[in-house]
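Numbers in our numbering are just positions in the sequence shown, counted from 1, shifted up by 41.
Reading through the C-alpha cells given below for one structure.
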Amino acid sequence: MIYLIDYDWRAERLVSMQAFDDGLRTQAEAARRALEVRLLKESRDREVVLLEALDEAGLRRTHGRYFKSLEELLAQATHG
Numbered sequence: 042m043i044y045l046i047d048y049d050w051r052a053e054r055l056v057s058m059q060a061f062d063d064g065l066r067t068q069a070e071a072a073r074r075a076l077e078v079r080l081l082k083e084s085r086d087r088e089v090v091l092l093e094a095l096d097e098a099g100l101r102r103t104h105g106r107y108f109k110s111l112e113e114l115l116a117q118a119t120h121g
C-alpha cells in the first residue's frame with residue numbers, strides 16, 4: 042500500500058491520510074503534488090509525504106512520529 046500523509050508539524054498532528062493500492066503509484070503521486078500545491082498557498086507548517094507499507098499497522102510501527110504525540114515517542118524511546 043501507498044499512503045499519502047498530510048502532517049501539521051507545528052500542531053504535531055496528522056491532518057489526513059489516504060491509502061492507494063500499490064498499482065496506483067501515478068495517482069498517489071498526482072494527489073501528493075496537488076496537495077502540496079494547495080498547501081503552499083495555505084500553510085507552510087505542513088509536511089506531505091508518500092510512504093509505503095504492507096498495511097496501516099506496519100506504517101504506524103515504522104513511522105510513529107506521524108501518529109503519536111511527542112510525549113508518546115519519548116516514552117517509547119526511553120522504555121524500548
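Backbone N, C-alpha and C fix where the C-beta goes; we use that ideal spot for every residue, glycine too.
Since we're looking at a predicted model, the values are computed, not measured.
Here the alpha carbon of residue 91 sits roughly 14 Å from the alpha carbon of residue 106. The Cβ atoms of residue 45 and residue 72 lie closer than 8 Å to each other.
In the structure shown, the three-state DSSP call for residue 53 is coil. Under DSSP, residue 89 takes part in a beta bridge, and its partners are 47. Using a Cβ distance threshold of 8 Å, residue 77 and residue 89 count as a contacting pair. The beta carbon of residue 59 lies closer than 6 Å to those of 45 in the same chain, with the five residues before and after it left out. When DSSP states are grouped into helix, strand and coil, residue 71 belongs to the helix group. Distance from the CA atom of residue 116 to the CA atom of residue 52, rounded to whole angstroms, is 19 Å.
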